[in-house]
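Inspection log for the structure reproduced underneath, given as structure tokens.
Numbering (UniProt numbering), first residue to last: 1 to 318.
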């Protein structure tokens, strides 16, 4: 319960039908457990008082070992309680894993990396990282996998967790009922920076989502002055081996790092750092200081002017 202080990470305050379905299961299982605990406590207190040893009493209470009635009773009751819990749990599990009908959902391929998330929208021919944009009031179907180790995709306010397993594709759907930003987490210990493998879900109205898709599909190069042109050249020399910037001529094919298209409009750096030039420069100079085990090499060999040009160019990608 102490983990529910941040409203952005609260499974008990769902903002979509998947989360509400799972919360109902939590309430059902909690009610069963409280009921069992209450009955056992009442019986325990009754036996403790009723059969306590009294002064002058040395006889042993009547023994009931081998009672067929009692054995049937304490076997049937747990089975019945498990059945009450199992039926809605199995129903919800299959419901959440079922792919929505064609055309009634947004398709997103989720790919876990150490230690970042990649999101591919095959319907729209775009991809992004660390920020997942979804339309409000519409189911989003996720095909989840990993490129390295086992991760776990989790957006507490929208629904439960699903493992991202190398070589395997798991499926689930989520839906946001209202616009907003929701924090996503990796819920499977995956290495030194597991706790920093965050992402943001941005739920938008259908109109705003369509605008975002259109901007992603038609990115424009922002190199409009000398400093930005220098920054673009530095990106080409230092970053394009792993990253892509669509619209600037740096394609994604064969790249291992996040797509940097639209980087200037993102809300975080590396999924958790504040989005400003100061933190971007610190990240570029020494990523390991922030995310131990991250595969990004440090770019500490640029002088101040070059670093300024590089960060300004990245921040201009909107």
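A virtual CB, placed ideally from N, CA and C, is assigned to each residue, including glycine.
A quick note: this is a predicted structure, and the numbers were derived from the prediction, not measured.
Cα-Cα separation between residue i and residue j, rounded to whole angstroms
i, j, result
"residue 186", "residue 72", "44 Å"
"residue 264", "residue 107", "25 Å"
"residue 80", "residue 23", "21 Å"
"residue 31", "residue 56", "43 Å"
"residue 236", "residue 292", "25 Å"
"residue 159", "residue 14", "7 Å"
"residue 97", "residue 177", "19 Å"
"residue 124", "residue 102", "15 Å"
"residue 148", "residue 116", "11 Å"
"residue 308", "residue 269", "16 Å"
"residue 206", "residue 16", "16 Å"
Proximity below 8 Å, CB of residue i to CB of residue j
i, j, result
"residue 157", "residue 8", "yes"
"residue 311", "residue 131", "no"
"residue 129", "residue 258", "yes"
"residue 213", "residue 126", "yes"
"residue 92", "residue 174", "no"
"residue 139", "residue 105", "yes"
"residue 145", "residue 169", "yes"
"residue 262", "residue 216", "yes"
"residue 82", "residue 29", "no"
Residue i - partner residues in DSSP beta bridges
i, result
"residue 157", "Looking at the DSSP assignment, residue 157 forms no beta bridge with any residue, so it has no partner."
"residue 273", "269"
"residue 142", "108, 172"
"residue 117", "112"
"residue 152", "163"
Bounding residues of the beta strand (DSSP E) (the contiguous stretch that carries residue i)
i, result
"residue 14", "Taken as a continuous stretch (DSSP letters only), residue 14 belongs to no beta strand (DSSP E), as it is neither H nor E."
"residue 184", "180-186"
"residue 296", "Unbroken run through residue 296: none, as it is neither H nor E."
"residue 164", "162-164"
Which of helix, strand or coil DSSP assigns to residue i
i, result
"residue 124", "coil"
"residue 313", "helix"
"residue 67", "coil"
"residue 203", "strand"
"residue 111", "strand"
"residue 134", "strand"
"residue 193", "coil"
"residue 210", "helix"
"residue 304", "helix"
Residue i, enclosing alpha helix (DSSP H) - first and last residue
i, result
"residue 170", "No alpha helix (DSSP H) holds residue 170; the beta strand (DSSP E) holding it covers 170-174."
"residue 231", "226-238"
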